[in-house]
Amino acid sequence: MTASSSGGVGGFMTPFNLKFLRLGDVSFLPAKQQCCFELVVRRRMRVGRGGSTGRTDGGKSGKLSRISCCCSNSLGPIRRIIGSGKSHAEKCEEWWFDAKMSPHRVRSYALPSIPFASTQLRSQCKHYPRCTRRNSGPQSRDTPPKRDTGIANEKDWGINLLNENVSESGTNEDGSTWYRESGEELGENGYWCRWSRMGGQSHDGCSEWKETWWEKSDWTGYKELGVEKSGKNAEGDSWWETWQEVLHQDEWSNIARIERSAQKQAKSGTENAGWYEKWWEKYDAKGWTEKGAHKYGRLNEQSWWEKWGEHYDGRGSVLKWTDKWAETELGTKWGDKWEEKFFTGIGSRQGETWHVSRSSERWSRTWGEEHFGNGKVRKYGRSTTGESWDIVVDEGTYYESEPHYGWADVIGDSSQLLSIQPRERPPGVYFNPPPPADGTS
Numbered sequence: 001m002t003a004s005s006s007g008g009v010g011g012f013m014t015p016f017n018l019k020f021l022r023l024g025d026v027s028f029l030p031a032k033q034q035c036c037f038e039l040v041v042r043r044r045m046r047v048g049r050g051g052s053t054g055r056t057d058g059g060k061s062g063k064l065s066r067i068s069c070c071c072s073n074s075l076g077p078i079r080r081i082i083g084s085g086k087s088h089a090e091k092c093e094e095w096w097f098d099a100k101m102s103p104h105r106v107r108s109y110a111l112p113s114i115p116f117a118s119t120q121l122r123s124q125c126k127h128y129p130r131c132t133r134r135n136s137g138p139q140s141r142d143t144p145p146k147r148d149t150g151i152a153n154e155k156d157w158g159i160n161l162l163n164e165n166v167s168e169s170g171t172n173e174d175g176s177t178w179y180r181e182s183g184e185e186l187g188e189n190g191y192w193c194r195w196s197r198m199g200g201q202s203h204d205g206c207s208e209w210k211e212t213w214w215e216k217s218d219w220t221g222y223k224e225l226g227v228e229k230s231g232k233n234a235e236g237d238s239w240w241e242t243w244q245e246v247l248h249q250d251e252w253s254n255i256a257r258i259e260r261s262a263q264k265q266a267k268s269g270t271e272n273a274g275w276y277e278k279w280w281e282k283y284d285a286k287g288w289t290e291k292g293a294h295k296y297g298r299l300n301e302q303s304w305w306e307k308w309g310e311h312y313d314g315r316g317s318v319l320k321w322t323d324k325w326a327e328t329e330l331g332t333k334w335g336d337k338w339e340e341k342f343f344t345g346i347g348s349r350q351g352e353t354w355h356v357s358r359s360s361e362r363w364s365r366t367w368g369e370e371h372f373g374n375g376k377v378r379k380y381g382r383s384t385t386g387e388s389w390d391i392v393v394d395e396g397t398y399y400e401s402e403p404h405y406g407w408a409d410v411i412g413d414s415s416q417l418l419s420i421q422p423r424e425r426p427p428g429v430y431f432n433p434p435p436p437a438d439g440t441s
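Numbering of the sequence shown is given in the UniProt record's numbering, commencing with residue 1 and proceeding in unit increments.
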């Protein structure tokens, strides 16, 4: 029996064909287009000699078969759930069909029964690799990065490297193309790198994107996790972004250290505008921490810069600083900067705000604070317009002696980096340190 329809079945509105075969009483032939739908078939009980089914429900009950399918390519799953129709499924069977077969034949691959109801089956795809859509392109990532978002945690990237070498490409229904490949590289001293690249472009080449993931390790305990992205869109906007997370042992102190960094840049395709950012964070197991960023931006005739840094030595000493400035093509400039240093409640702060007009006339105001650690603070300053002050006041001293995000935090957010396994070192093979920089032995 063959049935044809143009919609209205289970929310599936694309034309399709169904072919009922003698395969467990009912089976199914796939459509060429992507689809997700469910077919429910109720088989009535066979009437006995006495003309009765032995039921008291008016003959409406019977064997209920539910067939669910989600397919997007030549190889897709068929799930058949058999139950009473009044409760959750009693039995689940799963087949895989090959859409490239003749439309009058279905090749199925039986999988073990799964004791789950139909409502739970979709969540099982993440546990069964065969549920992953094969021969389908990766999702397009043609969106630029966002400004002032700092360094993302590894879980925000969703890095998922394949354990096998892959090289595939294809064309989507809209004419856009895609590719995906992965592999491994080996080197000296146990160097190992597993990588995965993917990308695509629109049918006219106006929009494209690329993305690379990798993880590295060697016999020194070095581990690295990273991402690089780039792309452009139909409006002419272009961008580039990279992110890295590294675990290594400091060569001087032999203390474990984790370093994270990110670089981002984007350029407008419709106006003279763009921006660039570089962020970094460094942590070690004794509380030493360093953080910083460099930023640059431009919008038509105006440009601006920003730099800042933080340094904690793990023993109570803190250094923080910020420097910002901007200018226009007409020659106007302005800026602001400050710095603070503290240790055990004693320290200083100082800064400057300045401005330069189109006629090169300069104005500035400098200021400073000295904290003596006894509740006394000296405040002083002056400006180019004649302002001046120098006083001592009773005032408390407040500063952060420890980073708000430190070693314990970064360890907790770096589980994927820490889980990277280095190559096994053969017996009798030892790590060979690199030669000195000057080439002497």
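Positions of the beta carbon are idealized from the N, C-alpha and C atoms, including for glycine. Note that the coordinates shown come from a computational prediction; the quantities given were computed from them, not determined experimentally.
Continuous beta strand (DSSP E) stretch holding residue i: start and end
{"i": "Ser-238", "result": "238-249"}
{"i": "Gly-200", "result": "192-201"}
{"i": "Val-410", "result": "First-last for Val-410: 407-412, but that is the alpha helix (DSSP H), not the beta strand (DSSP E)."}
{"i": "Lys-291", "result": "289-299"}
{"i": "Ser-167", "result": "166-171"}
{"i": "Arg-147", "result": "Element bounds for Arg-147: n/a, residue is neither H nor E."}
{"i": "Leu-162", "result": "Where Leu-162 is concerned, there is no enclosing beta strand (DSSP E), given that its DSSP letter is neither H nor E."}
{"i": "Trp-363", "result": "362-371"}
{"i": "Glu-352", "result": "346-356"}
{"i": "Trp-338", "result": "333-343"}
Local Cβ density within 10 Å of residue i, reported as buried at 16 or more and exposed below that
{"i": "Gln-421", "result": "exposed"}
{"i": "His-371", "result": "buried"}
{"i": "Pro-144", "result": "buried"}
{"i": "Pro-403", "result": "buried"}
{"i": "Tyr-283", "result": "buried"}
{"i": "Thr-289", "result": "buried"}
{"i": "Tyr-312", "result": "buried"}
{"i": "Leu-417", "result": "buried"}
{"i": "Asp-390", "result": "exposed"}
{"i": "Arg-184", "result": "The identity of residue 184 in the sequence shown is Glu, whereas the question assumes Arg. Exposed, since its Cβ has fewer than 16 Cβ neighbours within 10 Å."}
{"i": "Phe-218", "result": "It is worth fixing the name first, because residue 218 is Asp in this sequence and not Phe. The residue in question, Asp-218, is buried, as its Cβ has 16 or more Cβ neighbours within 10 Å."}
{"i": "Glu-215", "result": "buried"}
{"i": "Gly-187", "result": "exposed"}
{"i": "Gly-373", "result": "exposed"}
{"i": "Val-393", "result": "exposed"}
{"i": "Gly-59", "result": "Only weak support is given to the placement of Gly-59: the predicted model assigns it a pLDDT of 44, under 50, and the value that follows is read from those uncertain coordinates. By the 10 Å Cβ count, Gly-59 comes out exposed."}
{"i": "Gly-281", "result": "First, the residue type needs correcting, since residue 281 is Glu and not Gly in the sequence shown. Classification of Glu-281: buried, given that the 10 Å Cβ count is 16 or more."}
{"i": "Lys-146", "result": "exposed"}
{"i": "Trp-363", "result": "exposed"}
{"i": "Lys-155", "result": "exposed"}
{"i": "Glu-424", "result": "exposed"}
Strand pairing of residue i, partner residues [DSSP]
{"i": "Asp-284", "result": "Arg-257"}
{"i": "Trp-214", "result": "Trp-195 and Gly-226"}
{"i": "Tyr-312", "result": "Thr-289 and Val-318"}
{"i": "Tyr-179", "result": "Ser-169 and Gly-199"}
{"i": "Thr-328", "result": "Gln-302"}
{"i": "Val-377", "result": "His-371 and Val-393"}
{"i": "Ser-388", "result": "Arg-382"}
{"i": "Glu-184", "result": "Arg-194"}
Cα-Cα separation, residue i to residue j
{"i": "Lys-278", "j": "Lys-264", "result": "7 Å"}
{"i": "Ile-411", "j": "Asp-174", "result": "44 Å"}
{"i": "Ser-261", "j": "Ser-360", "result": "38 Å"}
{"i": "Gly-331", "j": "Gly-297", "result": "17 Å"}
{"i": "Ser-253", "j": "Ser-317", "result": "19 Å"}
{"i": "Glu-235", "j": "Val-246", "result": "36 Å"}
{"i": "Ala-408", "j": "Asp-336", "result": "34 Å"}
{"i": "Thr-384", "j": "Cys-193", "result": "58 Å"}
{"i": "Trp-308", "j": "Pro-426", "result": "46 Å"}
{"i": "Asn-233", "j": "Gly-351", "result": "42 Å"}
{"i": "Arg-257", "j": "Thr-177", "result": "41 Å"}
{"i": "Asp-148", "j": "Glu-241", "result": "13 Å"}
{"i": "Glu-340", "j": "Gly-292", "result": "15 Å"}
{"i": "Ala-273", "j": "Thr-328", "result": "13 Å"}
{"i": "Val-227", "j": "Ser-167", "result": "19 Å"}
{"i": "Phe-342", "j": "Trp-321", "result": "12 Å"}
{"i": "Ala-285", "j": "Gly-221", "result": "15 Å"}
{"i": "Ser-202", "j": "Lys-223", "result": "36 Å"}
{"i": "Trp-275", "j": "Tyr-430", "result": "46 Å"}
{"i": "Gly-396", "j": "Gly-386", "result": "29 Å"}
{"i": "Asn-160", "j": "Gly-428", "result": "34 Å"}
{"i": "Asn-225", "j": "Thr-344", "result": "A small correction: the amino acid at residue 225 is Leu; Asn does not occupy that position in the sequence shown. When rounded, the distance between both Cα atoms is 37 Å."}
{"i": "Leu-152", "j": "Gly-375", "result": "The displayed chain sequence assigns Ala, not Leu, to residue 152. Cα to Cα, Ala-152 sits roughly 40 Å from Gly-375."}
{"i": "Glu-208", "j": "Gly-150", "result": "25 Å"}
{"i": "Ser-196", "j": "Asp-204", "result": "25 Å"}
Residue range of the unbroken alpha helix (DSSP H) whose run includes residue i
{"i": "Lys-155", "result": "154-157"}
{"i": "Ser-415", "result": "415-418"}
Residue i: CB within 7 Å of a non-hydrogen atom of the ligand GTP
{"i": "Trp-304", "result": "For the ligand GTP, the structure offers nothing, since it holds no ligand at all."}
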